[in-house]
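Enquirer:
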């Protein structure tokens, strides 16, 4: 009986709410609630929702030298992997700017292949993408003079400014996986273009899927590749 | 338990009513202003000066510029001040202010007469070249001073707008994407490229120069090295220099009004966190930047300072959809714990690009409304929000003018263009046209 009353109350509330707000906003509220619930459940089961990506803190944690004053929280420090120490393109620096990097040649295009993502995802899910990253990691380990830029791109549906930040998430995720595979983190740089440089300019699901991607540019210090 | 749940659901239903906000503009009481034509008014230049002042004063929406009238013209330019500034005459003509510009050789003289208080104010004369494109900015400054007397708040006619202008160069196989920083006047005139990085430059921010307003500096993000980095340059230099020696992607810089802090987004640690770099206008970056906010699996974006620099509005997707949060913007000491940001509003969803008004009372932002990004403002004191724009086409990146009444924003569909919006006028004014992507506009503070 109690359950019946409660269910009725929820239905009445939903109807009332539905009359006073738009369906889109209601759907957004529902999605946010589901994400929060999912986050909370993962937090209860594991220590952090990111634990699926990282096996131990020691395995990934690298110091960010002494470039900034960090927050002291454990969760902030444990699950980050800092960028390469060298900033490309600095006068007198060891690594030139991105203009000296180039798209992979035909011979290397099967290794440094573009990776596409599902909506709102930054972790590659399909087997082909995971296999491509394995292949890439093996190649980079074999060629320590090879440096790579991972470009993070988004589709046009989120706002411009937010996408600039969001683009870092995809490129950093791929970088993280490559480092986990044993690639020297100093070989890998990331760059976020947000939605600034679409691969295709259509305004439909097919175009958006093509634009949610990471692409690669490489530079061989020995000039062989 | 049941009653509290019921209250929660009812309050949820009531709260959601606030989502639908009727469009309305602030109520105004306008004043009648007579702007006398410039005597003798025979040259095109004199007419252009007159039209510039008239447009600048009309733009505020606070006053009504009366039509040219022979009687008023007779009084305004009468050689005897007792006749010219006879309050009874002007009151009978229902005129609150009389503005009398005159050109004497190469100097523009302006008198402003308040018919209510019988007060006459004479502005310092300005030297003109008689080349309207060169003199335009000086004339805008005169208009702003007139606004200060007439409307009790300085105008924004002399304030410039910076923005990014992206062009795709089809024949450039290496990198077809080029974007530079441009400036324009508040009305869209005098569009001019001010960087020549031959790279990809976006998201400019003003660093005003109070002593030499013409030679302001600015921050922007350039991809010339590969990862986006914050550069600093000034108006008369075409290339800038890096500001912050920090690895990784540096994005979306914002400068506090006191010019003592730069907030930005950096993934130096591996995820898009909110950072603050202590700054000095003459010395540049001071010491190390500090990590202000980080959250697992989330990205932060678009910081905007409260005018006193004590707080920041920023975007985070820590709970799923991007929303706007407020956080304290101080405490650079070691061993800090992550501060807890406060959610600005639960009523709007997918909200981005906040901009704190110079009076500190409002935050403008872009929020998806029935599938289209519209500009909204959140009233800090009342805790209410209001939708400002309507109609098709996504609108993003609002930036307030100094008067906290006007703002610029850009559309991202169907075209990327910049618009000027006033709280007093529901019809935005388009400032840019033509091909190319014009976006990330920012008003001179």
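Residue numbers (this note's numbering), protein chains in the order written: chain A, 3 to 227; chain B, 30 to 474. Note that the Cβ used here is the ideal one computed from N, Cα and C, for glycine as well.
Under 9 Å Cβ-Cβ, which residues of chain C neighbour residue 194 of chain A?
Expert: Going by chain labels, chain C is absent from the structure shown, which instead holds the protein chains A and B.
Enquirer: Roughly how many angstroms separate the alpha carbons of residue 173 of chain B and residue 183 of chain B, rounded to a whole number?
Expert: Approximately 5 Å between the Cα atoms of the pair.
Enquirer: Grab me the residues of residue 90 of chain A's own chain with a C-beta within less than 7 Å of its C-beta, minus the 5 sequence neighbours each way, in chain order.
Expert: 97, 98, 99, 100, 191, listed in sequence order.
Enquirer: What whole-angstrom Cβ distance do residue 105 of chain B and residue 129 of chain B have, given they're in contact under 8 Å?
Expert: Right, their Cβ atoms sit about 5 Å apart.
Enquirer: Can you confirm whether the region 171–180 of chain A touches the region 114–130 of chain A when touching is taken to mean that 3 or more C-beta pairs between the two stretches lie within less than 8 Å?
Expert: Judged by Cβ distances under 8 Å, the region 114–130 of chain A makes contact with the region 171–180 of chain A, as three or more pairs qualify.
Enquirer: Between the beta-carbon of residue 374 of chain B and the beta-carbon of residue 380 of chain B, is there less than 9 Å?
Expert: It is a contact, given that the beta carbons lie within the stated cut-off.
Enquirer: Check the Cβ of residue 330 of chain B against every Cβ in chain A and list those closer than 9 Å, keeping chain order.
Expert: Simply 161, 163, 164, 165, 166, 167, 168.
Enquirer: Just to confirm before moving on: does the CB-CB distance between residue 131 of chain B and residue 138 of chain B stay below 9 Å?
Expert: Contact: yes.
Enquirer: Please confirm whether residue 376 of chain B and residue 428 of chain B have their CB atoms less than 9 Å apart.
Expert: No, the pair does not count as a contact, with Cβ atoms beyond the cut-off.
Enquirer: Quick one: grab the DSSP three-state call for residue 177 of chain A.
Expert: Here residue 177 of chain A sits in helix by DSSP.
Enquirer: Taking the Cβ atom as the reference point for each residue, do residue 170 of chain B and residue 245 of chain B lie within a distance shorter than 9 Å?
Expert: No, the pair does not count as a contact, with Cβ atoms beyond the cut-off.
Enquirer: In chain A, what lies closer than 8 Å to residue 206 of chain B by C-beta?
Expert: Chain A residues near residue 206 of chain B: 198, 199.
Enquirer: When DSSP labels each residue in this structure, what does residue 56 of chain B get in the three-state scheme?
Expert: For residue 56 of chain B, the predicted structure reports a pLDDT of 42, less than 50, and the residue's modelled location is therefore unreliable. A value from the coordinates is still provided. Residue 56 of chain B falls in the coil class under three-state DSSP.
Enquirer: Out of curiosity, what's the CA-to-CA distance linking residue 184 of chain A and residue 104 of chain A?
Expert: Looking at the two C-alpha atoms, the distance is approximately 24 Å.
Enquirer: Could you check which residue in B:240, B:185, B:378, B:267 has the C-alpha nearest to that of residue 211 of chain B?
Expert: Of B:240, B:185, B:378, B:267, the residue nearest in Cα terms is B:267.
Enquirer: Note down, in chain order, each residue of its chain lying with its Cβ closer than 6 Å to the Cβ of residue 217 of chain B, except the 5 sequence neighbours on either side.
Expert: Closer than 6 Å at the Cβ level, and outside the excluded window around residue 217 of chain B, lie 460.
Enquirer: Using three-state DSSP, classify residue 206 of chain A as helix, strand or coil.
Expert: Here residue 206 of chain A sits in coil by DSSP.
Enquirer: Enumerated in chain order, which unbroken segments of the alpha helix (DSSP H) with a length of 4 residues or greater are wholly contained in the region 91–164 of chain A?
Expert: DSSP runs (the alpha helix (DSSP H)) wholly in the region 91–164 of chain A: 129–144.
Enquirer: Specify the secondary structure class of residue 67 of chain B as computed by DSSP and reduced to three states.
Expert: Three-state result, residue 67 of chain B: coil.
Enquirer: According to DSSP, which residues form a beta bridge with residue 92 of chain B?
Expert: Residue 92 of chain B pairs with B:60.
Enquirer: Taking residue 200 of chain B as the query, report the chain A residues whose CB atoms sit under 9 Å from its CB, ordered along the chain.
Expert: Simply none; closest approach about 17 Å.
Enquirer: Are the CB atoms of residue 274 of chain B and residue 288 of chain B within a distance shorter than 9 Å?
Expert: Cβ distance not < 9 Å, so residue 288 of chain B and residue 274 of chain B don't count as in contact.
Enquirer: Where residue 200 of chain A and residue 156 of chain A are concerned, what is the direct C-alpha to C-alpha distance, given to the nearest angstrom?
Expert: Whole-angstrom Cα-Cα distance: 8 Å.
Enquirer: With a cut-off of 9 Å, does the C-beta of residue 231 of chain B fall near any C-beta of chain A?
Expert: True, the Cβ-Cβ gap to chain A drops below 9 Å.
Enquirer: Say whether chain A places a C-beta atom closer than 9 Å to the C-beta of residue 52 of chain B.
Expert: For residue 52 of chain B, the pLDDT reaches just 38, beneath the cut-off of 50, and the residue's location in the model is therefore unreliable, leaving the point undetermined.
Enquirer: With residue 10 of chain B as the anchor, note down where its beta strand (DSSP E) starts and where it stops.
Expert: The question about residue 10 of chain B has no answer here: the residues shown for chain B are numbered 30 through 474.
Enquirer: Regarding residue 106 of chain A and the ligand FMN, is the C-beta to nearest heavy atom distance less than 8 Å?
Expert: This structure lacks the ligand FMN, and indeed carries no ligand of any kind.
Enquirer: For residue 128 of chain A, go through chain B and note every residue whose CB falls closer than 7 Å to its CB, in chain order.
Expert: Near residue 128 of chain A there are no residues of chain B at all, since even the closest Cβ is about 21 Å away, more than 7 Å.
Enquirer: Taking Cβ-Cβ distances below 7 Å as the criterion, which residues of the region 378–409 of chain B are in contact with chain A?
Expert: Taking 7 Å as the Cβ-Cβ cut-off against chain A, the residues of the region 378–409 of chain B that qualify are 378, 379, 381, 382, 395, 399, 400, 402.
Enquirer: Verify whether the separation of the beta carbon atoms of residue 387 of chain B and residue 192 of chain B is less than 9 Å.
Expert: No, the Cβ-Cβ distance between residue 387 of chain B and residue 192 of chain B is not below 9 Å.
Enquirer: Less than 9 Å between the beta carbons of residue 88 of chain B and residue 186 of chain B, yes or no?
Expert: Cβ distance < 9 Å, so residue 88 of chain B and residue 186 of chain B count as in contact.
Enquirer: Please report the straight-line C-alpha distance between residue 180 of chain B and residue 262 of chain B, rounded to a whole angstrom.
Expert: Their Cα atoms are separated by approximately 35 Å.
Enquirer: In chain order, what residues of the same chain lie with their CB nearer than 6 Å to the CB of residue 466 of chain B, ignoring the 5 residues before and after it?
Expert: Cβ within range, chain order: 195, 445.
Enquirer: Identify each residue in the region 456–473 of chain B for which the Cβ-Cβ distance to at least one residue of chain A is less than 7 Å, and report them in chain order.
Expert: If the cut-off is 7 Å between Cβ atoms, the region 456–473 of chain B has 468 near chain A.
Enquirer: Quick one: list the residues of chain A neighbouring residue 484 of chain B, beta-carbon separation under 9 Å, in chain order.
Expert: No answer is possible for residue 484 of chain B: the residues shown for chain B start at 30 and end at 474.
Enquirer: At a Cβ cut of 7 Å, what residues of the region 113–137 of chain A count as close to chain B, listed as they run along the chain?
Expert: Hits within the stretch: zero.
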